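Here the structure comes first, spelled out in structure tokens, and everything after it is commentary.
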């Protein structure tokens, strides 16, 4: 359930039972492996930490202003 997840900065985690942690991480890794390239590349790692499944995300690239059709925009899409 989504409410089981917590996030802080570039980390999201979910508590699991000790015996389920490895299976949960394997499942999350399979999801990342099947994700579209932009989303998959946003994930830095999926690991087990103290009975928690933890997803760490990469820092986003610096958004630089860009001229598009006469407008200045900053945009990051996944």
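Residue numbers (our numbering): -6 to 71. Even for Gly, the Cβ is constructed at its ideal location relative to N, Cα and C. These numbers were taken from a predicted model, which means no experiment stands behind them.
Report task. Within its chain, find whatever has a CB closer than 8 Å to the CB of residue 6; leave out the 5 residues flanking it on each side and keep chain order. Result -> Mapped onto the chain shown, residue 6 falls at position 13. Here the set comprises -2, -1, 0, 42, 45, 46, 47 and 48.
Query raised in the report: If you compare alpha carbons, which of 65, 39, 64 and 52 is closest to residue 15?
Result: Here residue 15 corresponds to residue number 22 of the chain shown, with the count starting at 1. The residue with the shortest Cα to Cα distance from residue 15 is 39.
Query raised in the report: If you draw a straight line from the alpha carbon of residue 63 to that of residue 8, how long is it in whole angstroms?
Result: Stepping through the chain shown from its first residue, residue 63 is reached at position 70. Stepping through the chain shown from its first residue, residue 8 is reached at position 15. The alpha-carbon atoms of residue 63 and residue 8 are separated by roughly 48 Å.
Query raised in the report: Could you check where the alpha helix (DSSP H) with residue 12 kicks off and where it finishes?
Result: What you label residue 12 is simply residue 19 of the chain shown in a count that begins at 1. Its alpha helix (DSSP H) spans residues 11 to 27.
Query raised in the report: Does the ligand FAD have a heavy atom nearer than 7 Å to the CB of residue 14?
Result: Ligands in the displayed structure: none, and consequently the ligand FAD is not present.
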